[in-house]
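Take a look at the structure set out below.
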Amino acid sequence: MIDYKLLEALATVIECGGFERAGLALGLSQSAISQRIRTLEIRLGQPVLVRSPALKATPAGQRLLNHVQQVQLLERDLTKSIPALSEPTARLRIALNADSLATWWAAAVGNFCAEETLLLDLVVEDQDIGLRRMREGDVAACLCSSPQPVAGARCVPIGTMTYMPLATPDYAQRYFGKGLSETSLQNAPAIVFGPNDQLQHRFLAQCGYHGTFPHHLCPSSEGFVKLALAGMGYGMIPEVQARPEIESGRLVSIAPEQTLEVPLYWHFWRHGGGVIDRLTNALRSTSLIRSAPEGD
């Protein structure tokens, strides 16, 4: 059986960012926290923390943290039927894409988290690889573009984000004044979120182009838009995020007839408790992205 005092020490060390602060949070000495971590590692036969260069959980430690979060969520459900129990503050580790975080996510979950006193530990990943975190047990839920659930988890459609290939009018005229062609797509600098981002490749394949192209890498959703506004390249930007710039004429589509529709799916463990179910309902009811079809 797992000693939950040891897991509590691990979770608090990660949350507080150090042994001393974790001791203050739990009313224990720093040495007592260190001893609990050592005991946990001895029982597991492997480390749960990497101490340097930065304090973080090992893969085994992260799986334990994910387990603790699920247990906390189930304990919160128990307090509904046994009010004498004190309700713990739950922390939920979620993987999601940067564009959702930069646009609709906060408004969709803000009131819910306040009402439920739920704390979020958000891990930003590209849509296509967020599910990998789920498979590895690194997160309790994830928002990504894959409809295939992992074993033991559920998957529900949340909605669809529309992406447009946007650039400044001057940039569009300079590189695409005569329209899209193999030569223009081969030479026009693009903006790509990161090495795992496939949106640009999907757009180019949709246009019939499968070759190489020059590109900037910008792992920031807000920075991505700023680079486009600076005329540094064109990129696939969510329509909901770029709407003010489109309406003002600061950004235009290099292919007005072309958009990229990215479906979003919410993955969560089946035994996450009522909090997860209520969060799922809150996400499904959001009007901030195009709703998923009824019956999915």
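Note that the numbering used here numbers the sequence shown so that position 194 is 174, with each residue one more than the last.
Every residue gets a Cβ at the ideal spot worked out from N, C-alpha and C, and that includes glycine.
Going by beta carbon distance, what residues of the same chain come within less than 6 Å of residue i, once the five residues before and after it are set aside?
{"i": "aspartate 57", "result": "Gly253, Gly254"}
Excluding sequence positions up to five away, which residues of its chain have a Cβ less than 7 Å from the Cβ of residue i?
{"i": "alanine 37", "result": "Ile(-6), Val28, Leu29, Leu45"}
{"i": "alanine 40", "result": "Leu24, Gln26, Val28"}
Considering just the uninterrupted stretch of the alpha helix (DSSP H) at residue i, what are its terminal residues?
{"i": "glycine 3", "result": "-1 to 6"}
{"i": "cysteine 124", "result": "Run containing cysteine 124: none in the alpha helix (DSSP H); it sits in the beta strand (DSSP E), 121 to 124."}
{"i": "glutamate 116", "result": "Looking at the DSSP string, glutamate 116 is not in any alpha helix (DSSP H), and its letter there is neither H nor E."}
{"i": "lysine -15", "result": "-16 to -4"}
{"i": "isoleucine 256", "result": "254 to 264"}
Helix, strand or coil, according to DSSP, for residue i in the structure here?
{"i": "alanine 37", "result": "strand"}
{"i": "histidine 181", "result": "helix"}
{"i": "threonine 19", "result": "helix"}
{"i": "phenylalanine 173", "result": "coil"}
{"i": "alanine 208", "result": "helix"}
{"i": "leucine 197", "result": "strand"}
{"i": "arginine 270", "result": "strand"}
{"i": "glycine 110", "result": "helix"}
{"i": "histidine 190", "result": "coil"}
{"i": "proline 224", "result": "helix"}
What residue does the beta strand (DSSP E) around residue i start on, and which one ends it?
{"i": "glycine 215", "result": "214 to 218"}
{"i": "tryptophan 85", "result": "From DSSP, tryptophan 85 is part of no beta strand (DSSP E) but of the alpha helix (DSSP H) over 85 to 96."}
{"i": "proline 145", "result": "133 to 147"}
So residue i and residue j are in contact, right, with Cβ under 8 Å, and what is the actual spacing, rounded?
{"i": "asparagine 77", "j": "cysteine 124", "result": "7 Å"}
{"i": "threonine 148", "j": "glycine 211", "result": "5 Å"}
{"i": "methionine 144", "j": "glutamate 219", "result": "5 Å"}
{"i": "threonine -8", "j": "alanine 5", "result": "5 Å"}
{"i": "alanine 133", "j": "tryptophan 249", "result": "5 Å"}
Excluding sequence positions up to five away, which residues of its chain have a Cβ less than 8 Å from the Cβ of residue i?
{"i": "isoleucine 74", "result": "Leu100, Asp101, Leu102, Val103, Val119, Ala120, Ala121, Cys122, Leu123"}
{"i": "leucine -14", "result": "Arg16, Ile17, Thr19, Leu20, Arg23"}
{"i": "arginine 270", "result": "Gly139, Thr140, Met141, Thr142"}
Quick one: what's residue i bridged to in DSSP?
{"i": "aspartate 101", "result": "Arg73"}
{"i": "tyrosine 339", "result": "The chain is shown only over -19 to 276; residue 339 falls outside these bounds and no answer can be derived."}
{"i": "serine 233", "result": "Leu146"}
{"i": "leucine 29", "result": "Ala37"}
{"i": "leucine 240", "result": "Tyr143"}
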